[in-house]
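Data block below; observations after.
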Amino acid sequence: MLGLETFAFAQPWLLLALVGLPALWFLLRVTPPAPKSIRFPAIRLLTGLTPPEETPQRTPLWLLLLRMLAVALLILGLAGPVLHPAGQLSGSGPLVLVIDDGWAAAGTWEERQRAMETLIDRAAREERRVILMTTARERPDEPLTASNPLRPDAALERVRAIQPKPWPSDLDAAQAVAAEIGVTGSAHVIWLSDGLAAPGTRELAATLQRLGRLSVLHAGAGRAASIVLPPENTGTDVRVTVQRPDSRGAKSVTVLAEGEDGRLVGTAPARVEAGETAATASFELPLQLRNRIARVRIEGARHAGAVALLDERWQRRPVGLVSDSPLEAAQPLLSELYYLERALKPYAEISRGTLDDLLKRDLAVLVLADRGKLSPEQREAVSRWVENGGLLLRFAGPKLAQDLSGDGITAGEGAQPPLLPVRLRRGGRALGGTMSWDTPATLAPFGDDSPFAGLEIPSDITVSRQVLAEPSLELGGKTWARLADGTPLVTAGERGDGWLVLVHTTANTSWSNLSLSGLFVRMLRRVVTVSEGLSGAADDQPALPPQRVLDGFGRLTEPGAGVRTLPAEALRDHLVSAGNPPGLYGRDGQRRAHNLGPMVAPSLAPLDDLPPGVTAGAFAMQPETRIGPWLLATALVLMLVDMLIALGLRGLLPTPRRGGAAGTTAATMLIFTACMLAWPGGAKAQGDDEFALKATLDTRLAYIETGVAEADRITRQGLTGISRVLARRSAVEPEPPLGVDLLSDEIAFFPLLYWSISPEQPDLPPAGVRKINHFLGHGGTLLIDLREAGGGSSLFGQGTPATQALRRLTRDIDIPPLTPVDPEHVLTKAFYLLQDFPGRYAGGALWVEDTATAPGDGVASVMITANDWVGAWAVDESGQPRLPVVPGGERQREIAYRVGVNVVMYALTGNYKADQVHVPAILERLGQ
Amino acid sequence: MATPALTARQRAEQLAATLPPLLLAAERVATTVAQGVHGRRRVGQGETFWQYRDYQPGDPPPSIDWRQSAKSDRVFVRQLEWEAAQSVWMWRDASASMTWRSNRNLPTKRERAELLMLALMVLMVRAGEHVTLLGTGMPPAAGRGTLGRLSEALTREGTGDSDLPPPEPLPRAAQVVLFGDFLAPLESVERCLRDFAERGVSGHLVQVLDPAEETLPYEGRVRFEGLEGEQPWLLSRVEGVRGAYRRRLRAQEEGIAAIARRTGWSCTWHRTDRPPQTALLAIYGALTAFMQR
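Same order as they appear, the protein sequences are chains A and B. Mapping the first sequence onto full-length UniProt numbering, position 66 (from 1) lands on 66, and the numbers just tick up by one. Mapping the second sequence onto full-length UniProt numbering, position 75 (from 1) lands on 75, and the numbers just tick up by one.
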């Protein structure tokens with residue numbers, strides 16, 4: 001160490017190099033700058049000429065000073081100057097570093113690590129050994145250990161590798177380990193505490209004191225970790241409790257609700273008043289959003305206690321619709337389940353199935369629409385399910401009414417109580433039928449104690465039939481909704497832990513139009529809210545396997561090797577340990593959240609119980625600042641400046657007047673390149689958009705890039721040629737054609753896609769095949785050209801190389817049934833009247849989709865030719881044809897162009913021309 | 001369409017608009033069958049009357065001049081003078097040393113050479129002469145389509161490496177116009193011109209130079225580098241050699257002029273900072289038939 005109180009050099013001996021500066025001065029002085037460099041065409045005339053005299057060149061003084069300064073800065077920087085070097089360690093023995101790495105330390109982990117590094121740096125400077133010890137277990141079966149006295153650099157490596165754990169520290173075990181540490185001389189002991197009271201704090205401190213002077217460092221007053229508790233299930237909104245260890249001063253936090261994918265679902269503020277330790281944040285969210293919440297966390301806090309995971313118990317209520325009649329699918333509008341499903345879908349998870357199947361699943365609500373009798377076993381099972389906390393929602397209807405009138409529910413079911421909340425009278429009541437004087441009844445406002453309280457009743461809801469309850473004393477208390485004349489419409493009764501709810505009319509429209517109204521949706525939603533959540537899921541299930549667990553920083557990760565299955569009692573009592581870190585346990589669809597919050601909440605308190613003689617304080621101290629890198633950076637900049645000057649002296653830099661624009665361009669390019677490198681995704685997306693705009697803003701022909709350069713070139717030139725012809729002769733004015741890469745480009749934009757088959761083309765990627773199939777299925781037209789003289793007479797036979805390639809390439813493509821084009825086909829009259837379809841070759845057949853049998857708009861989705869149309873159309877830049885036509889004649893080329901016009905017209909206008917043949921007949925009929 | 005070719009052609013047309021069509025001074029016309037304005041003083045295809053002669057069996061009946069035949073008992077056939085077009089092969093130096101300018105405000109030597117060449121082509125085509133480019137293999141032709149094709153070919157052609165035109169079999173009495181900086185050693189220039197002259201091809205040289213090549217305006221310690229892979233040359237004080245350089249350049253120019261004189265060619269000088277009209281006028285003067293008559 002060299003220097004003053006606030007300034008020191010790490011490697012002072014490097015300063016000796018400054019002595020060498022004068023020698024450098026001399027060397028630089030005699031080396032002249034490099035000459036200007038000029039390109040000159042008439043150099044042959046210059047070669048051999050020499051000027052009469054040559055004066056020696058010297059480096060200018062200011063440049064010399066600049067270079068000396070750069071070198072001096074370089075030497076100073078390498079010598080490692082340090083601002084604010086830390087103080088001395090006490091004692092003579094090693095430095096003992098006790099590190100709390102339980103959950104509460106994670107929130108300030110980076111500061112902790114900096115503090116540890118500073119301390120170890122200090123030990124390194126004083127050449128002390130370091131003993132490291134952590135207080136949280138690494139794995140469930142590994143005991144805590146203290147390290148041997150380490151060299152500071154080894155200690156630094158270890159310290160950097162320590163990660164905070166999501167479970168609490170075990171100070172009792174740490175005390176036992178600390179008692180085993182043996183040091184020579186008196187150590188300096190530093191305990192980086194998490195700042196929370198924990199059992200064994202005092203004992204550990206006392207044990208550590210025996211080794212030497214003990215300082216306890218923590219994050220500072222009011223910065224100990226706050227926790228969030230999982231929300232209570234109140235039904236309407238999500239309430240989350242936030243708790244902090246100390247009660248000094250008011251503190252505001254924001255609680256975030258996140259979805260499964262980490263997306264933010266909602267935020268809620270919570271303010272802990274001075275003197276309080278807990279506060280509540282409540283999220284008011286629509287149910288759909290509420291169901292998406294997968295976890296809540298305290299904003300900005302990065303530790304396992306700041307995250308509360310939610311499982312299915314907080315999410316959408318699963319509703320089972322009993323459906324065992326296959327007839328329901330045939331006439332959906334008459335089916336009760338249709339209305340129920342539509343009404344429940346927005347906020348409940350619906351499963352349909354037979355009663356037996358449904359009872360095997362986890363359900364909150366079971367809906368029984370009007371249906372016949374249940375077998376005694378089924379009644380027994382449903383009854384047990386309800387008593388365990390399920391909600392059975394029944395609807396009345398003709399079958400229920402018939403049961404009542406026979407010896408059904410009320411009388412004939414022996415000892416079993418009926419699965420109804422109230423006793424029903426025999427027969428129903430019809431209102432406003434053809435044989436009745438009454439008008440259909442309307443609904444009375446809901447009572448205040450009804451779960452439906454507050455729902456607005458549309459005036460046009462009428463009920464024309466219902467089943468009636470036997471009057472009884474308790475009927476009023478069991479009625480949730482009634483008609484205007486006071487007869488109950490919805491009754492409910494508790495049975496065991498569950499509910500029985502009966503709607504006295506049907507779930508379809510045969511007895512009432514209630515199921516058509518929005519009220520029905522809202523009523524069902526309230527009913528589902530009443531349910532207790534999952535029912536039937538037993539608590540005495542076996543231990544749950546870990547699925548995703550939190551790490552020390554509160555992030556969900558895959559469980560490591562040390563994570564064990566979660567026994568039921570650990571789940572019930574919220575026991576978080578190294579073997580069972582907080583996280584999600586169980587199997588898919590039946591996960592349980594295991595949270596840290598409920599375990600630590602009761603004992604959350606600040607650290608205060610320390611023995612006398614211990615100095616406590618915050619570890620945030622004035623850090624050492626190394627100014628070496630800054631000096632080195634300055635030296636580097638100076639050297640760059642020197643280089644620029646040298647270039648300028650040699651004439652290699654553009655002068656400002658001439659090079660301004662170039663310089664700006666270069667800088668822009670540089671920044672742009674940097675941006676592109678930084679956001680490759682963005683560039684890609686932009687490219688996609690650009691392609692989409694290009695493809696959609698103008699009509700364009702397109703072709704599939706086959707990867708065979710020559711074929712692609714001909715295709716592009718051919719489409720260019722036909723585009724020009726189209727623009728000249730028809731109302732279609734296409735822009736230059738586009739090649740599409742099946743892997744990366746979207747092909748849905750193009751009405752017509754040209755594909756030149758060549759035997760060299762590699763097989764299509766699966767994604768490309770999918771794209772083409774989608775394209776064909778959604779109205780696109782694919783034009784395949786075999787480009788082979790005389791080919792295509794039989795497409796899928798053994799055939800020629802081109803047909804073999806065709807078969808290979810279209811193996812996975814849904815090619816519809818094809819037929820040779822007939823003389824009356826629309827293609828023969830879409831624009832020009834044509835008899836045959838020659839291209840570069842004449843005589844090959846043209847195959848089109850057999851549109852007579854195909855559904856759709858009557859445009860063939862696939863055309864296959866062998867005549868090499870693009871070959872005939874292809875033109876070079878000056879508009880001259882590129883390839884000769886065979887057997888020849890410009891007449892054939894002209895016909896080929898006409899074929900192209902017809903094909904494009906056909907693809908663009910569809911069966912318009914086919915319909916036009918009927919115009920004379922229609923006109924004639926109109927005239928009559 | 002290629003836009004640069006179009007604009008270059010438009011500029012050339014604009015430049016040529018100030019001059020009348022260029023009818024070449026051609027005493028002997030290249031042996032082509034193309035019809036043109038150069039009378040060959042022989043019977044053949046053409047428009048002007050040449051002679052009457054007696055009808056002989058085998059002559060096509062439409063060639064009989066009935067008016068003349070009616071004056072006597074004999075039957076006359078009217079014959080016309082063979083009028084042929086002169087064919088001109090053009091060439092410009094496309095080597096790297098031509099794509100150079102000393103100042104951003106000036107055109108490169110190549111640009112200026114191409115502009116002059118196109119303007120010349122425009123003028124010739126207007127007079128019905130047939131033109132083409134040396135080395136492209138296109139046959140000489142007249143007509144506006146020709147101009148388009150030639151200007152496209154000009155823009156398509158990249159940087160070549162030859163300072164002098166490649167030897168190519170040309171018909172006798174063809175004409176050649178060469179544009180370039182002609183800084184190559186005098187011997188090779190002479191060999192090239194002699195090759196042409198031996199085949200009876202006459203021609204014209206247009207030397208296009210940048211002003212900096214003439215004045216050598218640099219100062220101080222400079223290392224000069226060539227554009228075509230020549231050895232660099234370091235000068236400690238450029239101003240010290242300026243006079244010597246100018247003398248060498250003048251010797252080169254005079255050498256070129258002497259070679260041209262010996263082979264019966266003509267030659268014109270042009271600097272890129274001068275307006276192209278002057279150069280065009282000078283070339284026009286050197287080539288035109290009217291001025292010599």
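Quick reminder that beta carbons are idealized off the backbone N, C-alpha and C, glycines included.
- Among the residues facing chain A, G240 (chain B) is included, as its CB has a counterpart in that chain under 8 Å away.
- Per DSSP, Y52 (chain B) lies in no alpha helix (DSSP H) segment; the continuous beta strand (DSSP E) that holds it begins and ends at F49 to D54.
- For Y841 (chain A), the three-state secondary structure derived from DSSP is coil.
- In this structure, DSSP gives H504 (chain A) a state outside helix and strand, which the three-state scheme calls coil.
- Against Y218 (chain B), the close residues of chain A are I38, in the order they occur along the chain (beta-carbon pairs closer than 7 Å).
- Checking the DSSP bridge columns, you'll see K478 (chain A) has no partner listed.
- The closest CA to that of T442 (chain A), considering only A:L473, A:D763, A:N513 and A:L196, is found on A:N513.
- Taking a beta-carbon distance threshold of 8 Å, D54 (chain B) does not count as an interface residue toward chain A.
- Annotation for A279 (chain A): V242, A270, R271 and V272 place their beta carbon closer than 7 Å to its own, counting only its chain and skipping 5 residues before and after.
- The C-beta separation of G583 (chain A) from V549 (chain A) comes to about 3 Å, placing the pair in contact by the 8 Å criterion.
- Counting along the chain, the unbroken beta strand (DSSP E) around V319 (chain A) starts and ends at R317 to V322.
- Excluding the 5 residues flanking it on each side, S102 (chain B) has same chain C-beta neighbours closer than 7 Å at D210, P211 and A212, in chain order.
- In the three-state reduction of the DSSP assignment, I627 (chain A) falls in the coil class.
- The alpha-carbon of I190 (chain A) is positioned some 7 Å away from that of L217 (chain A).
- Counting along the chain, H774 (chain A) sits inside no beta strand (DSSP E); it lies in the alpha helix (DSSP H) bounded by residues P766 to G777.
- Counting only residues of its own chain and dropping the five nearest sequence neighbours on each side, D814 (chain A) has a CB closer than 8 Å to the CB of N773, L776 and G777.
- For D785 (chain A), the three-state secondary structure derived from DSSP is strand.
- Looking at A:P762, A:T254, A:P168 and A:L701, the one whose alpha-carbon comes closest to that of V903 (chain A) is A:L701.
- Taking C-beta atoms as the reference points, V708 (chain A) and E788 (chain A) fail to come closer than 8 Å.
- Along the segment 714-734 of chain A, there is no position whose C-beta sits under 7 Å from a C-beta of chain B.
- Residue nearest to A872 (chain A) within the set A:E117, A:P611 and A:L719 is A:L719 (criterion: CA-CA distance).
- Contact with chain A is found for W100 (chain B), since one of that chain's Cβ atoms lies less than 8 Å from the residue's Cβ.
- Boundaries of the beta strand (DSSP E) around T491 (chain A): P488 to R495.
- For the segment 705-739 of chain A, the full-length alpha helix (DSSP H) segments reaching 4 residues or more read 709-729 along the chain.
- Interface residue (Cβ-Cβ distance to chain A less than 8 Å): R237 (chain B) is classified as such.
- Boundaries of the beta strand (DSSP E) harbouring E225 (chain B): V222 to E225, taken from the DSSP string.
- Here L178 (chain B) is not near I256 (chain B), since their CB atoms are 8 Å or more apart.
- Put simply, the backbone Cα of E894 (chain A) is about 29 Å away from that of V919 (chain A).
- If you look at T278 (chain B), you'll find it isn't in any beta strand (DSSP E); it sits in the alpha helix (DSSP H) that goes P276 to L287.
- Per the C-alpha coordinates, the member of A:Q378, A:W847, A:N595 and A:T557 positioned closest to P816 (chain A) is A:W847.
- The DSSP-derived three-state label of P217 (chain B) is coil.
- Taking one beta carbon from each stretch, the segment 456-469 of chain A and the segment 349-357 of chain A have fewer than 3 pairs nearer than 8 Å; the two do not touch.
- For A593 (chain A), same chain residues with a beta-carbon under 7 Å away, outside a window of 5 residues either side, are P230, L309, L310, D311 and L584 in chain order.
- The C-beta of I43 (chain A) comes closer than 8 Å to at least one C-beta of chain B.
- Neighbours of T47 (chain A) in chain B, taken as residues at a C-beta separation under 8 Å, are given in chain order as E230, Q231 and W233.
- C-alpha of L483 (chain A) to C-alpha of P346 (chain A): approximately 27 Å in a straight line.
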